[in-house]
Amino acid sequence: MKNKQFVLIFVLLAALACMPTQPTAPASKNVETMVAATIQALTALAPEQIPPSVPPPPASAQPDGKAVSYGNVSFFLPAALATNALAGTVPAVAATPDGPGWDVAPEHIKFQLENYALYNTFHEPYILVIPAQAYAALNEGANRSITSLQDTLSGAAAPIAENLPHIAFFNAGQVFAAQIKIVQFQNGSGVRFLTEYAQYFAAINNKDMFYQFQGLTSDG
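Counting from 1175, one number per residue, gives the positions in the sequence shown under my numbering.
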C-alpha cells in the first residue's frame, strides 16, 4: 500500500505542477469562512461509509476418492492413488521342513490396488492386514520386524534406516531408506519411507523403488 500511495501522490503533484498560473482574484471572504465552507462542502459530498461485508468461509472441498471396507478393515482410497482396491482373504501358510520359512503367515486380509498411479514397476501395489501376535509367533523374521517397529514407534529406537522394520516375506535385503516419517492414523501408528530391496548391491532406480508403510493398530 505504501508504494501505491506514493505513486498516487506523485501523479497528483505532477498534475498540479503542469497547471497554468491563474491571476490572483481579490478575496471576498476571510480565510476562516473559506475553510469552513470548504469543509462543509466536502462533508456534504462525502458518500456514506458502508462497512465491508465479511464473506462466508469457503466450504471445505471433499476429497476425491472412495471408501473401502472389508471385514473389520476400512479406509479411504484417494483417486490420485488408485481407482479401486480389490479385497480378499489370504489363507494361512504353515511352516514345512523343506520350506524357506519367510512366507509363513497366519490368515490375513489383502487389498490389491487397481490402476495404481505408477506403472512399469517391479512390485505390485497392495495393502496387507495381518494379526501381529500370530504373525510374530509363526515367523521369526516377522517377529524381528515387529519388534523393530515397536521400538521405533515407542521412541526406544531412533527412526533411522538401521532400525526400520523389514518385509519378512522378501527374500532380499533393504538397500536404502529415505523420507522416513512416523505417521499416526485413526487407531494406531506406523512408519513410512521410500526403499528398495535387492539380493545384491543394486543402484537406486524408479523401477524397483517403492513406498513402504508398516504400522500397528492400538489393539496390536
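We treat Cβ as the ideally placed atom computed from N, Cα and C, and that holds for glycine.
By the neighbour-count criterion, in which a residue is buried when 16 or more other Cβ atoms sit within 10 angstroms of its Cβ, residue 1247 is exposed. Considered as a whole, the stretch 1227 to 1275 harbours 1239 to 1244, 1247 to 1252 and 1258 to 1264 as its complete beta strand (DSSP E) runs of no fewer than 3 residues, in chain order. Relative to residue 1381, the option among 1262, 1296 and 1279 whose CA is nearest is 1296.
In this structure, residue 1312 sits near residue 1278, with a CB-CB distance shorter than 8 Å. DSSP lists 1386 as the bridge partner or partners of residue 1367.
Taking 8 Å as the cut-off, the beta carbon of residue 1354 is found closer than this to the beta carbon of residue 1338.
Annotation: residue 1359 to residue 1350 spans about 25 Å, alpha carbon to alpha carbon.
Taking all protein chains shown into account, residue 1293 has fewer than 16 neighbouring C-beta atoms within 10 Å of its C-beta and is therefore exposed. By the criterion of at least three beta-carbon pairs nearer than 8 Å, the stretch 1370 to 1377 is not in contact with the stretch 1307 to 1321. For residue 1288, the secondary structure class from DSSP, reduced to helix, strand or coil, is strand. If you look at residue 1347, you'll find it in the beta strand (DSSP E) that goes 1347 to 1359.
With a beta-carbon spacing of about 6 Å, residue 1260 and residue 1288 fall inside the 8 Å limit used to define contacts.
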